[in-house]
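K.L.:
Position one of the sequence shown corresponds to residue 8 (this note's numbering), numbered consecutively onward.
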Amino acid sequence: MIISSNDILSYIERAEAHYKNNQYQALKSVIDDIQEYVTLLSEPEDFARYYRIYMLYLGVYEEMNMPVLKSYLKGLIDYGQVQASDFEYVCSFYEECEQSVYEDALVRYPYNDTILLHYAFKLQNDKRYQDAILVLKYLLECYPALTEARFLLWDIQSAQLEHICDSDEEADCNELLDLASATHNKSVLKGLQLDERLDLPSQTLANMHVAMWENKSIDNKALWNSEWKHLEITDRTRMLLVDYFQSFMRYDMVAQIIKDPGEPQLPEEDYSNFEEFKIYMQDFANSGWQLAQHYYLRYGDSAYYHTKDRNVLNQCVQQGLTLNPKNPNLFVLKARAFFFVKNYQQTGEAYHEAFRNGLRMSEYLFYLLEVNSRIESWQGILDIVEQFHRRQPATLKTLFFKARALVKFSRFDEALVVLNEALEDFPLPSHSYAPWLYNLRMVVHMNNQNYTAFFEDMQSEINYYKIGDPDYCSTMNLCVEALLEMNDYKECHKYAIYNHEQGQLAPELYPVFKWICYYDYLPKPDDLAPASEDDLVKNPTTFIEFRNNGLIHWILNNFDAAIGNLSQAAHMAENKAFYLKMVASCAEDSFNNAEALSAYKTAKDQAPEASDYKTFFKLYNFYNEENEPKKALETLQHSIQSYPDYTFFDFPRDEFNMMLRSRKLLAQQLEDVDGFTKYSAMFLSKDQPSVQALYDHLTHIKTHFASDDFLLHNILEELSQRDEDFEEADSEMLKAVKTKIRANYFA
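#1: When you compare the CB positions of residue 196 and residue 187, do they come within less than 8 Å of one another, or not?
#2: Report yes if the CB atom of residue 153 is closer than 8 Å to the CB atom of residue 179, and no otherwise.
#3: Can the beta-carbon of residue 246 be found closer than 8 Å to that of residue 301?
#4: Can you grab the Cα-Cα spacing for the pair residue 488 / residue 447, in whole Å?
#5: Alpha carbon to alpha carbon, what distance is there between residue 362 and residue 333?
#6: Use the C-beta contact count for residue 46: other C-beta atoms within 10 angstroms, 16 or more gives buried, fewer gives exposed.
#7: Quick check on this structure: which residue in 580, 470, 565, 542 has the alpha carbon closest to the alpha carbon of residue 455?
#8: Considering only the alpha carbon of each residue, which of 604, 592, 289 lies closest to residue 794?
#9: Ignore the nearest five residues each way along the sequence and tell me which others in residue 523's own chain have a CB closer than 8 Å to its CB.
#10: Starting from residue 342, trace the alpha helix (DSSP H) in both directions and tell me its first and last residue.
#11: Under 8 Å between the Cβ atoms of residue 110 and residue 281?
#12: Among the residues of its own chain, which have a CB less than 7 Å from the CB of residue 662, if the five just before and after it don't count?
#13: CA-CA distance, residue 451 and residue 254?
#14: For the stretch 161-171 against the stretch 305-319, do three or more pairs of beta-carbon atoms, one drawn from each stretch, fall closer than 8 Å, so that the two count as touching?
#15: For residue 384 and residue 413, I'd like the C-alpha separation in whole angstroms.
#16: What ranges does the alpha helix (DSSP H) occupy inside the stretch 130-187, keeping only unbroken runs of at least 4 residues that lie completely in it?
#17: Where does residue 273 fall in DSSP's three states?
#18: Secondary structure at residue 472, three-state DSSP: helix, strand or coil?
#19: Going straight from the alpha carbon of residue 477 to that of residue 512, what length do you get?
#20: Please report the residue range of the alpha helix (DSSP H) in which residue 454 lies.
#21: Since residue 701 and residue 708 are thought to touch, with beta carbons under 8 Å apart, how far apart are those beta carbons, to the nearest angstrom?
#22: For residue 269, count neighbouring Cβ atoms within 10 angstroms of its own Cβ and tell me buried if that reaches 16, exposed if not.
#23: Ordered along the chain, which non-local residues of its own chain (more than five positions away) have a Cβ less than 7 Å from that of residue 411?
#24: Output the distance between the C-alpha atoms of residue 460 and residue 453, rounded to the nearest integer angstrom.
#25: For residue 546, count neighbouring C-beta atoms within 10 Å of its own C-beta (all shown protein chains included) and say buried if the count is 16 or more, exposed if not.
#26: Buried or exposed for residue 438, please, with buried defined as at least 16 other CB atoms from any protein chain shown within 10 angstroms of its CB.
#27: Per DSSP, what kind of secondary structure is residue 94 in: helix, strand or coil?
#28: For residue 662, which three-state DSSP category applies?
#29: Quick one, which of 228, 731, 143 has its alpha-carbon nearest residue 127's?
#30: Can you tell me whether DSSP reads residue 250 as helix, strand or coil?
#31: In chain order, which continuous runs of the alpha helix (DSSP H) of length 4 or greater are located wholly inside the stretch 564-602?
#32: Exposed or buried, what is residue 386 when buried is set at 16 or more other beta-carbons lying within 10 Å of its beta-carbon?
#33: Enumerate, from N- to C-terminal direction, the unbroken alpha helix (DSSP H) stretches of 4 or more residues contained entirely within the stretch 360-429.
#34: In chain order, what residues of the same chain lie with their CB nearer than 6 Å to the CB of residue 331, ignoring the 5 residues before and after it?
#35: Sort 204, 417, 549 by Cα distance to residue 577 and report the nearest one.
#36: List the endpoints of the continuous alpha helix (DSSP H) containing residue 39.
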């Protein structure tokens, strides 16, 4: 069998596919075949391709053969095919990789963040903390948003500080201050407060740092106004204070404290070996380049959050990006400048640019969530959350945005699953999305008409608020909506009047408030204007506008308009059955029985799960009035079967017992003799049946059971004792039946 170079290339292609699919046993077999014929390759690019797959193959095994890996890297260099990714791969094995490889890599690729980060790991592993700190400071100058490097720097600075403190040698006080300040080591900073070796600005830094950790922000604000602003402080100390107050969102203080650090002094890129590159790194880290960028970032934040000065904000963006056109944090500030003026397309583009220049994926997706929320792109939010959850664990924020988008799509069952996960699996501190999640779950419960769970979540949510504050009253507004749809108008009135007195009742709820006062004769506040045509929306388009127009027309006795608007609202509503029944009630008020019957029938047909005994009983009455006894009986029978508890236990069982009386009258209309007899007997089976019921049964006996002397006697005897106006004819009939019974049975 003759093997060609093309065959070897196909083997390499197969090896690359095996590696990509984690098929390492198959990869080993193909690598063995390639090695046997690799000399058939002739082009440098082909050799480079083989070297790279073999280097990846070596990395599969736990025991790394670094000399072999290094030799293949050298082969790539010799062929002139080496790339930054080749050095990145070899340098990732920092426990085995030699110092010389990093030196060669960084002179070739001085701004490669991956190689720099791997080198920092190696230096940390070798406990060469000072060199590692230099590398990471340089790396963060180049890539300010590289959060992983910032965390690693903290760890290494803490290790170096511990090493110096444990050493028997006298420590450099300035190095101690730098490390303790960078890691917020309060115990070391306290020791430095009285260190006479420090100059006055350095002592001030130590004092300020201790105060920032021990005092409340309001106390430190007072210290700034009374003492600190009169002291000589360095730019670094000033920026430390700025970051401190910014973390508490006290942007008023940021604007007072911040000071232009001046132009950075960048070193020339003049180096040919690693020792010269180290000097360059040191000079670059001390140039003030990042400090100046940080100034524009913080000053811009202050303009965005505090002064609302667009000109200052735009200047910070422009000058900061002029200084470093690839700083992702400044692109975030640029996005905020567009967000400030509601230019959401440019906002999104600025966030994309920030991501392309190193903004962390999680932050990038969080920012896009806010933009998509503002433009109400609910599908966009679901797509973003899905991307985030592929890379990061879920957070309260991502679950909130996902749940809200699902609610907006009326996918309530899915939303409830997400909300339950968030509220059951995460800690719920006061400054979190917890109250919003409870509020959102209340919306889902209201849609599902699970009002018990709704008010349980309401209690959980308001625990995060002060009584009477805007968030508290906003929740009460949602309760007004729920109580309206629960038909609990008295309780709804209590919530509405409370929010009205606080000046927090939502404008769209005032028509509801006015209608409740009108419909249930509840007290109306003196300062509540009466309903008028001024309350109407001229061209309604939303559910709320149609509902409110319907309620106002109802109050004004414009019943046709009220029915039309409420019918449209019912068509658009989540709780369709309630608003259809409201249409029926309005039609009843206007004696429009046909419209009322139509609304009740629609409610029963389109929302059977939301029907109740009242709906069926109303339908029964309408069918009865329309002289349709068969439909009336069918409806009443369905009501009894669907709501037996109400029928037999809760329905009023006074002398008129409407449910039982209805069955009796229907049997009479349908000429159901046995049925009437049964229901009439049930009606009379109480200690004191009504006189009317006795007369009804008397008529029934005369018509169908005239020969039953005992039955006739019992009814007439009861009437003679109960009815003061017992007629003479009935009295004569009682005497006659008594005579007949005596003669036939007791003679």
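Backbone N, C-alpha and C fix where the C-beta goes; we use that ideal spot for every residue, glycine too. Note that the structure is predicted; figures quoted are calculated from it, not measured.
P.N.:
Checking against the coordinates, here is how it stands:
#1: Counted from its first residue, the sequence shown places residue 196 at position 189. Counted from its first residue, the sequence shown places residue 187 at position 180. Yes, these two residues count as a Cβ contact at 8 Å.
#2: If you number the sequence shown from 1, residue 153 lands on position 146. If you number the sequence shown from 1, residue 179 lands on position 172. No, Cβ-Cβ distance for residue 153 and residue 179 is not below 8 Å.
#3: Against the sequence shown, residue 246 aligns to sequence position 239. Against the sequence shown, residue 301 aligns to sequence position 294. In this structure, residue 301 lies closer than 8 Å to residue 246 by Cβ.
#4: Here residue 488 refers to the residue found at position 481 when the sequence shown is read from its first residue. Here residue 447 refers to the residue found at position 440 when the sequence shown is read from its first residue. Each residue's Cα considered, the two are about 14 Å apart.
#5: Residue 333 sits at position 326 when you count from the first residue of the sequence shown. Residue 362 sits at position 355 when you count from the first residue of the sequence shown. Residue 333 and residue 362 have their C-alpha atoms roughly 10 Å apart.
#6: For the purposes of this step, residue 46 is identified with residue 39 of the sequence shown, where counting begins at 1. With fewer than 16 other Cβ atoms within 10 Å, it is exposed.
#7: Taking the sequence shown and counting its residues from 1, one reaches residue 455 at position 448. Ranking the options by Cα distance to residue 455, first place goes to 580.
#8: There is simply no residue 794 to check, as the chain begins at 8 and stops at 754 in what is shown.
#9: Mapped onto the sequence shown, residue 523 falls at position 516. Only 491, 496, 499, 500, 503, 529 meet the Cβ criterion.
#10: Locating residue 342 in the sequence shown gives position 335, counting from the first residue. For residue 342, the enclosing alpha helix (DSSP H) has its first and last residue at 335-347.
#11: Stepping through the sequence shown from its first residue, residue 110 is reached at position 103. Stepping through the sequence shown from its first residue, residue 281 is reached at position 274. Taking 8 Å as the Cβ cut-off, residue 110 and residue 281 qualify as a contacting pair.
#12: Taking the first residue of the sequence shown as position 1, residue 662 is located at position 655. In this predicted model, residue 662 has a pLDDT of only 49, less than 50, meaning its place in the structure is not dependable enough to derive any value.
#13: Reading the sequence shown from its first residue, position 444 is the one you call residue 451. Reading the sequence shown from its first residue, position 247 is the one you call residue 254. Their backbone Cα atoms lie some 35 Å apart in a straight line.
#14: Counting Cβ pairs under 8 Å, fewer than three are found: no touch.
#15: As a first step, residue 384 is located in the sequence shown; it is residue number 377 there, counting from the start. As a first step, residue 413 is located in the sequence shown; it is residue number 406 there, counting from the start. Their Cα atoms are separated by approximately 11 Å.
#16: For secondary structure counted as the alpha helix (DSSP H) over 4 or more consecutive residues, the stretch 130-187 holds these complete runs in sequence order: 136-149, 154-173.
#17: Numbered from 1 along the sequence shown, position 266 holds the residue referred to as residue 273. For residue 273, the three-state secondary structure derived from DSSP is coil.
#18: As a working mapping, residue 472 is identified with position 465 in the sequence shown. Coil, per DSSP.
#19: Numbered from its first residue, the sequence shown carries residue 477 at position 470. Numbered from its first residue, the sequence shown carries residue 512 at position 505. The alpha-carbon atoms of residue 477 and residue 512 are separated by roughly 10 Å.
#20: The residue labelled residue 454 in the question sits at position 447 within the sequence shown. Annotation for residue 454: the continuous alpha helix (DSSP H) segment containing it runs 441-454.
#21: In the sequence shown, counting from the first residue as 1, residue 701 sits at position 694. In the sequence shown, counting from the first residue as 1, residue 708 sits at position 701. Taking 8 Å as the upper bound for CB-CB distance, residue 701 and residue 708 are not in contact here, some 10 Å apart.
#22: If you number the sequence shown from 1, residue 269 lands on position 262. Exposed: under 16 other Cβ atoms inside 10 Å.
#23: If you number the sequence shown from 1, residue 411 lands on position 404. Only 447 meet the Cβ criterion.
#24: In the sequence shown, the residue the question calls residue 460 occupies position 453. In the sequence shown, the residue the question calls residue 453 occupies position 446. Those two C-alpha atoms are separated by around 9 Å.
#25: As a first step, residue 546 is located in the sequence shown; it is residue number 539 there, counting from the start. Under a 10 Å Cβ-count criterion, residue 546 is classified as exposed, with fewer than 16 other Cβ atoms of the shown protein chains found around its own Cβ.
#26: Locating residue 438 in the sequence shown gives position 431, counting from the first residue. So residue 438 counts as exposed.
#27: As a first step, residue 94 must be located in the sequence shown, where it is residue number 87. The DSSP-derived three-state label of residue 94 is helix.
#28: Against the sequence shown, residue 662 aligns to sequence position 655. With a pLDDT of 49 at residue 662, under the threshold of 50, the modelled position of this residue cannot be trusted; read the value that follows with caution. Correct three-state label for residue 662: coil.
#29: Within the sequence shown, the letter at position 120 stands for residue 127. Closest in C-alpha terms to residue 127, from the list 228, 731, 143, comes 143.
#30: Translated into positions along the sequence shown, residue 250 becomes position 243. Helix, per DSSP.
#31: If we require 4 residues or more, the alpha helix (DSSP H) runs fully inside the stretch 564-602 come out as 566-579, 583-596.
#32: In the sequence shown, the residue the question calls residue 386 occupies position 379. Exposed.
#33: DSSP runs (the alpha helix (DSSP H)) wholly in the stretch 360-429: 368-381, 385-398, 403-415.
#34: Here residue 331 refers to the residue found at position 324 of the sequence shown. Within the same chain, and ignoring the five residues on either side of residue 331 in sequence, the residues whose Cβ sits closer than 6 Å to its Cβ are 300.
#35: Translated into positions along the sequence shown, residue 577 becomes position 570. Its Cα nearest to that of residue 577, the residue 549 stands out among 204, 417, 549.
#36: Mapped onto the sequence shown, residue 39 falls at position 32. Segment 31-44, the alpha helix (DSSP H) holding residue 39.
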